[in-house]
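Since the structure comes first, as structure tokens, the remarks are kept for the end.
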Amino acid sequence: MRGYPGRVETPDIEVALQEPIGSVEPPPEPPPPTDLDLHDKSLYFGRELSWLDFNDRVLQLVEDPSVALLERVKLAAIWSSNLDEFFQIRVAGVHDQVDAGLSDPGPDGLTPSETIDAIRAAVLGQQQRLEDRVLGELFPALAEQGIRILRLGDLSKSQRKALGERYRRQIFPVLTPLAVGQGRPFPYISSLSLSLAALVRDHVNGEQTFARVKVPTEMLDRFVEVDDAPNTFVALEDVIAANLAALFPGMEIVGHGFFRVTRDADFEVSDEADDLLQAVEAELRRRRFGEAVRLEVDVNIDPGVREQLREALDLEERQVYDVDGLLGLGDLWQVYGVRGFSELRDPPWTPVTQPRLHGKESEHANVMAQMRRGDILVHHPYDSFATSVERFVEQAVADPDVLAIKQTVYRTSDDSPLFPALIRATERGKQAVCMVELKARFDERANIGWARALEEAGVHVVYGQPGLKTHAKCILVVRREGDGVRHYVHIGTGNYHPKTARLYTDFGLFTCDEEIGADVADMFNYLTGLARPDGYRKVLIAPNGMREAITDEIERTIAAHERGEPARIRMKMNSLVDRRCIRALYRASQAGVPVALNVRGICCLRPGVEGISENITVTSVLGRFLEHSRVYGFERGDETRVLIGSADLMPRNLDTRVELITPVQDVTARADLIDTLDRSLATDQWAWCLQPDGTWERREQGDPPRSVQRELMLLHAARASEGSQADDE
Numbered sequence: 054m055r056g057y058p059g060r061v062e063t064p065d066i067e068v069a070l071q072e073p074i075g076s077v078e079p080p081p082e083p084p085p086p087t088d089l090d091l092h093d094k095s096l097y098f099g100r101e102l103s104w105l106d107f108n109d110r111v112l113q114l115v116e117d118p119s120v121a122l123l124e125r126v127k128l129a130a131i132w133s134s135n136l137d138e139f140f141q142i143r144v145a146g147v148h149d150q151v152d153a154g155l156s157d158p159g160p161d162g163l164t165p166s167e168t169i170d171a172i173r174a175a176v177l178g179q180q181q182r183l184e185d186r187v188l189g190e191l192f193p194a195l196a197e198q199g200i201r202i203l204r205l206g207d208l209s210k211s212q213r214k215a216l217g218e219r220y221r222r223q224i225f226p227v228l229t230p231l232a233v234g235q236g237r238p239f240p241y242i243s244s245l246s247l248s249l250a251a252l253v254r255d256h257v258n259g260e261q262t263f264a265r266v267k268v269p270t271e272m273l274d275r276f277v278e279v280d281d282a283p284n285t286f287v288a289l290e291d292v293i294a295a296n297l298a299a300l301f302p303g304m305e306i307v308g309h310g311f312f313r314v315t316r317d318a319d320f321e322v323s324d325e326a327d328d329l330l331q332a333v334e335a336e337l338r339r340r341r342f343g344e345a346v347r348l349e350v351d352v353n354i355d356p357g358v359r360e361q362l363r364e365a366l367d368l369e370e371r372q373v374y375d376v377d378g379l380l381g382l383g384d385l386w387q388v389y390g391v392r393g394f395s396e397l398r399d400p401p402w403t404p405v406t407q408p409r410l411h412g413k414e415s416e417h418a419n420v421m422a423q424m425r426r427g428d429i430l431v432h433h434p435y436d437s438f439a440t441s442v443e444r445f446v447e448q449a450v451a452d453p454d455v456l457a458i459k460q461t462v463y464r465t466s467d468d469s470p471l472f473p474a475l476i477r478a479t480e481r482g483k484q485a486v487c488m489v490e491l492k493a494r495f496d497e498r499a500n501i502g503w504a505r506a507l508e509e510a511g512v513h514v515v516y517g518q519p520g521l522k523t524h525a526k527c528i529l530v531v532r533r534e535g536d537g538v539r540h541y542v543h544i545g546t547g548n549y550h551p552k553t554a555r556l557y558t559d560f561g562l563f564t565c566d567e568e569i570g571a572d573v574a575d576m577f578n579y580l581t582g583l584a585r586p587d588g589y590r591k592v593l594i595a596p597n598g599m600r601e602a603i604t605d606e607i608e609r610t611i612a613a614h615e616r617g618e619p620a621r622i623r624m625k626m627n628s629l630v631d632r633r634c635i636r637a638l639y640r641a642s643q644a645g646v647p648v649a650l651n652v653r654g655i656c657c658l659r660p661g662v663e664g665i666s667e668n669i670t671v672t673s674v675l676g677r678f679l680e681h682s683r684v685y686g687f688e689r690g691d692e693t694r695v696l697i698g699s700a701d702l703m704p705r706n707l708d709t710r711v712e713l714i715t716p717v718q719d720v721t722a723r724a725d726l727i728d729t730l731d732r733s734l735a736t737d738q739w740a741w742c743l744q745p746d747g748t749w750e751r752r753e754q755g756d757p758p759r760s761v762q763r764e765l766m767l768l769h770a771a772r773a774s775e776g777s778q779a780d781d782e
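Going by my numbering, the sequence shown opens with residue 54, and the numbers climb by one from there.
What follows is the structure in structure tokens.
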């Protein structure tokens, strides 16, 4: 590993559900136009390579000197963690196709094997850029500001001695060297664990042996702080490497190197599983033993050890990645987390209370009372999750007229107040129902723990169906009013996760619209029971008809344009992959309808193709917040139709997940959504435009640059201030 220059963390039509979720085949698509073949593979970018383009945009922010220094460190960690998950899921899936003997080209014309080679070429280039930037620029710049990541040789004699004492007390006791040789098989190496490969020689018989030592980053910090030198760190693996003699007494240490294995982390739960919770737990145990898909080794590792690792893990040479620097840069989150240094970070932002939810003086506004006055739209993290969603549930728990609270959970945090609120609701005699998605990737264990705790407290917990993931984001409160009940609903674009609500941009709609409330109630009954709703009144539900509803909106917009009415389509989402939806957008472009897309991540649509997509523009916006909201806007003459919800336009969302999208009918709320679309499409800071050849061209910044996120922070802060002043008056 080279020296560290400077030397000083983890997307209005009635829709009939005639069959059980998961068993309905989508209806056949209308035949393509005869004059232009919209099925031509040249019109579609590959999903995997498009995702790598997204991670490249993250890398460009690491390289951007206008970004605050510690934010660049955080982005480097994000780039690395993103790539780890990409290999665990997407690359593993492509290797499965190769192993199965599949050679048919995908939508982009590449075979699975060719896709793997293209992925490798892109990753090697990005990896080298990241290593050069982190070691050649970020670490020296951090050192100038008082945060030092050093090699052991850079420390004083007294500092090395103190570190040696700490090694003996804290590190050595948790290390387990595992030699490989006769009677000692190659050890199992867990996914993403950092390991040290030691080459040792026996003085007695001269035999040379390879041994693996796991670097215990699960128990100890990756970067060890140096005594008497605040904010000065040494990599844990360097400390272990410097003390190998203590692990192999009487042996000669011939050499050492570092390596890291990435394994297939995807799994499927059989539709035949009788107990979904037990089935998911069993698959989680098997995940640890998934097939290796990537081996990262430091460039100085012994060539013989490198080859031994490759053979033992049964990997092709193209699955081995040589790294000239630190492995596992996702651990840079620890460096980002050092206390202080506010000048090296983005200016702080505190979410504000939505003006409609301001209370009089010290009292909190009654969320349900405000909902009866009209729909409420919140936009996180500009609007507070705590004073909107959490308060809504807390007040529902305390309200004696509330009869039931039902909620879906895909991802949440360990300290979420929503689960304890459901438990309190049960204790107060209310019916509490929680639809916990056990198959939320990488959150399965946490969700299993919460599901058991809720069940033990008396909450009705359901898990959905093995063949589907329930990705919809909604809360339903049933309240007794007069001689009947009223439904109060929250529908969001993001998870009920207090921490990510401060980091992800997401919309949430509070409504007591009678038909939307009835739709959400029907969906819960469908998920928890054996109901088969005849149709939904206003909302769109996947996997039964959402794709057809979206394409119908596009076709209606085309028809309006052909009648001479003003018409346009604007959409904001995380990913655009579904080819049927893409073809519908191509048809809109061919008809002359302007289509503006704001896609943060994967985009398989090729814009700017003459006769096909010259009326389509695609922008991608990154920033201090993760752009996560999904908004679908259609303007036809005097009609403006805007929908929000949990689904991206991807086959997995439309075919194998339970998703929910709702129309936003309130004029003010709809105007806010249109305003956000306008700003997202016009921003020029940290914005890219997709070109016909597949490259993403960074948008030239104005003077001053325009940032949608900065504008929305200022807008929401001003609104909150006005709302607070109005309440005081």
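All C-beta atoms, glycine included, are put in the ideal place defined by N, C-alpha and C. Since we're looking at a predicted model, the values are computed, not measured.
(1) Buried or exposed for residue 681, please, with buried defined as at least 16 other CB atoms from any protein chain shown within 10 angstroms of its CB.
(2) Enumerated in chain order, which unbroken segments of the beta strand (DSSP E) with a length of 3 residues or greater are wholly contained in the region 427-510?
(3) Compute the beta-carbon to beta-carbon distance between residue 527 and residue 507, rounded to the nearest angstrom, for a pair I have assumed lies under 8 Å.
(4) Would you identify the three-state DSSP class for residue 610, choosing helix, strand or coil?
(5) Enumerate in chain order the residues of its own chain whose CB-to-CB distance from residue 87 is below 6 Å, with the five nearest sequence positions on each side excluded.
(6) Taking the alpha carbon of residue 448 as the point to measure from, which residue in 416, 656 and 587 has its own alpha carbon closest?
(7) Please classify residue 762 as buried or exposed, where buried requires at least 16 neighbouring CB atoms within 10 angstroms.
(8) Count the other C-beta atoms from every protein chain shown that fall within 10 angstroms of the C-beta of residue 241, then say buried if there are 16 or more, exposed otherwise.
(9) From residue 481 to residue 756, what does the alpha carbon distance come to, in whole angstroms?
(10) Residue 560 bridges to which residues according to DSSP?
(11) Which same chain residues end up closer than 6 Å to residue 77 when comparing Cβ atoms and leaving out the 5 residues on each side of it in sequence?
(12) With 16 other CB atoms within 10 Å as the buried threshold, where does residue 271 fall?
(13) For residue 432, I'd like the list of residues in its chain whose CB is within less than 6 Å of its CB, leaving aside the five on either flank, ordered along the chain.
(14) Who are the near neighbours of residue 676 in its chain, counting only those whose CB is closer than 8 Å to its CB and skipping five residues on each side?
(15) Is the region 437-452 touching the region 403-412, taking contact as three or more C-beta pairs under 8 Å?
(16) For the alpha helix (DSSP H) containing residue 732, list its first residue and its last residue.
(17) Is the beta carbon of residue 168 within less than 8 Å of some heavy atom of the ligand COA?
(18) What does the alpha-carbon distance come out to for the pair residue 659 and residue 647?
(19) When the Cβ atoms of the region 390-406 are set against those of the region 363-375, are three or more pairs found closer than 8 Å?
(20) Distance check for residue 697 and residue 557, CA to CA, integer angstroms please.
(21) Exposed or buried, which one is residue 773 when buried takes at least 16 other CB atoms within 10 Å?
(22) Start and end of the beta strand (DSSP E) containing residue 673?
(23) Can you name the start and end residues of the alpha helix (DSSP H) that residue 567 belongs to?
(24) Express the C-alpha separation of residue 607 and residue 651 in angstroms, rounding to a whole number.
(25) Among all the DSSP beta bridges, which residues are the ones paired with residue 656?
(26) Whose CA, out of 638, 451, 131 and 149, lies closest to the CA of residue 346?
(27) Taking the Cβ atom as the reference point for each residue, do residue 228 and residue 266 lie within a distance shorter than 9 Å?
(28) Helix, strand or coil, according to DSSP, for residue 173 in the structure here?
(29) Going by DSSP, what residue range makes up the beta strand (DSSP E) through residue 402?
(30) Can you tell me where the alpha helix (DSSP H) holding residue 148 begins and where it ends?
(31) For the alpha helix (DSSP H) holding residue 210, just list the boundary residues, first then last.
(32) With respect to the alpha helix (DSSP H) encompassing residue 106, which residues constitute its N-terminal and C-terminal limits?
(33) Residues bridged to residue 267 by DSSP?
(34) Short check: CB of residue 655 to CB of residue 627, under 9 Å?
(35) Just the C-alpha distance for residue 459 and residue 711, rounded to the nearest angstrom, thanks.
Straight from the coordinates:
(1) Residue 681 should be labelled buried.
(2) 429-433, 455-462 and 484-489
(3) Contact flag wrong, Cβ pair sits at about 17 Å.
(4) helix
(5) Its pLDDT being 40, under 50, residue 87 is placed unreliably by the model, and the measurement read from it follows with that caveat. Hits under 6 Å: none found.
(6) 416
(7) Label assigned to residue 762: buried.
(8) exposed
(9) 58 Å
(10) 432
(11) Residue confidence for residue 77 is low, a pLDDT of 41 falling below 50, so the modelled location carries little weight and cannot support an answer.
(12) exposed
(13) If we look at residue 432 and ignore the five residues flanking it on each side, its Cβ neighbours are 560.
(14) 738, 739, 760, 761 and 762
(15) yes
(16) 720-735
(17) Ligands are entirely absent from the displayed structure, and the ligand COA is therefore not among its contents.
(18) 15 Å
(19) no
(20) 15 Å
(21) buried
(22) From DSSP, the beta strand (DSSP E) with residue 673 extends over 669-674.
(23) 567-581
(24) When rounded, the distance between both Cα atoms is 16 Å.
(25) 629
(26) 149
(27) yes
(28) Correct three-state label for residue 173: helix.
(29) Careful: residue 402 lies outside any beta strand (DSSP E) and carries neither H nor E.
(30) 145-152
(31) 210-219
(32) 100-115
(33) 248
(34) yes
(35) So the two alpha carbons sit approximately 16 Å from each other.
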